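Using our numbering, you'd call the opening residue of the sequence shown number 4 and step up by one each time.
Each residue gets a CB set at the ideal place from its N, CA and C atoms; glycine is no exception.
Note that the structure is predicted; figures quoted are calculated from it, not measured.
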Amino acid sequence: MHVLNQLPPYNLFGIEDQSYEKARIAVLPVPYDSTSTYKAGSRDGPAAIIDASRNLELYDYETNGDISRLGIYTLEPMAPDLSSPEKMVSNIEKEVTPILQDGKIPLLLGGEHTIAIGSVRALSKLSKRPFSVLHFDAHSDSRDEIYGAKYCHACVLARIAELGINTYSVGIRSIDKESSGKYAKSILFRDEMHGMSAEEIVKRINSNTNEDIYLTFDFDVLDPSIMPSTGTPEPDGLAYYEMMQILKGVLPRKNVIGMDFTELSPIPGMVAPDFLAAKLIYQAIGFAYSRLNK
């Protein structure tokens, strides 16, 4: 029986007739936030993004096309492993590996930022060319450890750097003293960005990253006035238009081999940040891959 006005399917962007075999992008929801050090709740991020995304207009006027036609398949959410963060990272690596072996582009929905370590580890073992991790965040996430833990949301870039992968962080406005000395040359701090045009920011990013990039995006890089739904909000973040100008300038010029979007911690009854997150992800996909859709 056909139901009139049937709701969109429950997957990212509510895509009809999605197919893993035909998909270019495989979406892996990872509802995990066991190492949160301020406000927990990003475990609810993937579901909130998916819910909001089902109400998104699939035609994107900036790329003049239906981005969903690239082939975007949403996998079942991963079950959190609460035995240890290191074990969870290992599990994510195991889940991402067959996605890469199948020739798909992994897109992870967090969850806390720790999930990026597992995805990048899988890529580091299978990628045939050097790649950079392009990191948008309010925080440097570059501590060697915090509260005795080396695998947590505050140590993501430190664990990635240990793999010998080039990293470049953008929008940082919170960093510990040790990391400031160690990683400053690979960071575009937020206070520097205030005196730069979007074109200058794009040029700085592109000149400090390889042709192949992995995008890891923490929603707290945005200003709390438009993105209050994070566990560790920091003032003086990026506006949505500013963020779009940067992504539009960088992603089409790069070969984006994977993505993750993390740290959305939904606030009950406040859906605007959830929709913003879904829209940003959709447009980022469009900027990165719309050329494949022609």
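Inter-residue spacing [alpha-carbon to alpha-carbon] between residue i and residue j
i, j, result
"residue 83", "residue 220", "20 angstroms"
"residue 103", "residue 256", "22 angstroms"
"residue 100", "residue 78", "14 angstroms"
"residue 226", "residue 246", "10 angstroms"
"residue 95", "residue 35", "11 angstroms"
"residue 243", "residue 229", "8 angstroms"
"residue 32", "residue 274", "19 angstroms"
"residue 282", "residue 52", "9 angstroms"
"residue 61", "residue 294", "16 angstroms"
"residue 162", "residue 9", "45 angstroms"
"residue 168", "residue 233", "27 angstroms"
"residue 147", "residue 21", "41 angstroms"
"residue 97", "residue 81", "11 angstroms"
"residue 180", "residue 188", "14 angstroms"
"residue 280", "residue 55", "8 angstroms"
"residue 185", "residue 222", "24 angstroms"
"residue 170", "residue 57", "33 angstroms"
"residue 276", "residue 284", "12 angstroms"
"residue 70", "residue 289", "6 angstroms"
"residue 113", "residue 49", "6 angstroms"
"residue 29", "residue 183", "35 angstroms"
"residue 291", "residue 39", "30 angstroms"
"residue 106", "residue 74", "13 angstroms"
"residue 127", "residue 37", "25 angstroms"
"residue 287", "residue 91", "27 angstroms"
"residue 193", "residue 153", "26 angstroms"
"residue 155", "residue 190", "20 angstroms"
"residue 76", "residue 14", "8 angstroms"
"residue 137", "residue 110", "14 angstroms"
"residue 160", "residue 145", "5 angstroms"
"residue 216", "residue 88", "25 angstroms"
"residue 210", "residue 261", "19 angstroms"
N- and C-terminal bounds of the beta strand (DSSP E) containing residue i
i, result
"residue 172", "169 to 175"
"residue 135", "134 to 139"
"residue 178", "Premise fails: residue 178 is in no beta strand (DSSP E) and is neither H nor E."
"residue 190", "190 to 192"
"residue 303", "Residue coverage of the chain in this structure runs from 4 to 297, which leaves residue 303 outside it and unanswerable."
"residue 218", "215 to 221"
"residue 77", "75 to 77"
Three-state class that DSSP yields for residue i in the structure shown
i, result
"residue 87", "coil"
"residue 103", "helix"
"residue 198", "coil"
"residue 13", "coil"
"residue 70", "helix"
"residue 152", "strand"
"residue 62", "strand"
"residue 95", "helix"
"residue 18", "coil"
Unbroken alpha helix (DSSP H) run spanning residue i, endpoints
i, result
"residue 121", "118 to 129"
"residue 163", "159 to 164"
Next on the checklist: Please give me, in chain order, every unbroken run of the alpha helix (DSSP H) with length at least 4 that falls completely inside the segment 30 to 59.
Outcome noted: Runs of the alpha helix (DSSP H) inside the segment 30 to 59: 48 to 56.
Item to check | Runs of alpha helix (DSSP H) wholly within the segment 223 to 278 (minimum 4 residues, chain order) | outcome: List check, alpha helix (DSSP H) in window: 243 to 253.
Next on the checklist: Taking 8 angstroms as the cut-off, does the segment 165 to 179 touch the segment 231 to 241 (at least 3 CB pairs, one atom from each stretch)?
Outcome noted: Taking a contact to require three or more Cβ pairs closer than 8 angstroms, the segment 231 to 241 and the segment 165 to 179 qualify as touching.
Checklist entry - Is the segment 243 to 250 touching the segment 22 to 30, taking contact as three or more C-beta pairs under 8 angstroms? => result In this structure the segment 243 to 250 does not lie against the segment 22 to 30, because fewer than three pairs of beta carbons, one per stretch, are closer than 8 angstroms.
Item to check | the segment 59 to 77 / the segment 122 to 140 touching (three or more Cβ pairs under 8 angstroms) | outcome: Counting Cβ pairs under 8 angstroms, fewer than three are found: no touch.
Next on the checklist: Quick check: the segment 112 to 128 against the segment 185 to 200, are at least 3 beta-carbon pairs closer than 8 angstroms?
Outcome noted: Short answer: they don't touch.
Next on the checklist: Below 8 angstroms, how does it come out for the segment 38 to 51 and the segment 261 to 274: are there three or more Cβ pairs, yes or no?
Outcome noted: Contact holds: three or more Cβ-Cβ distances are below 8 angstroms.
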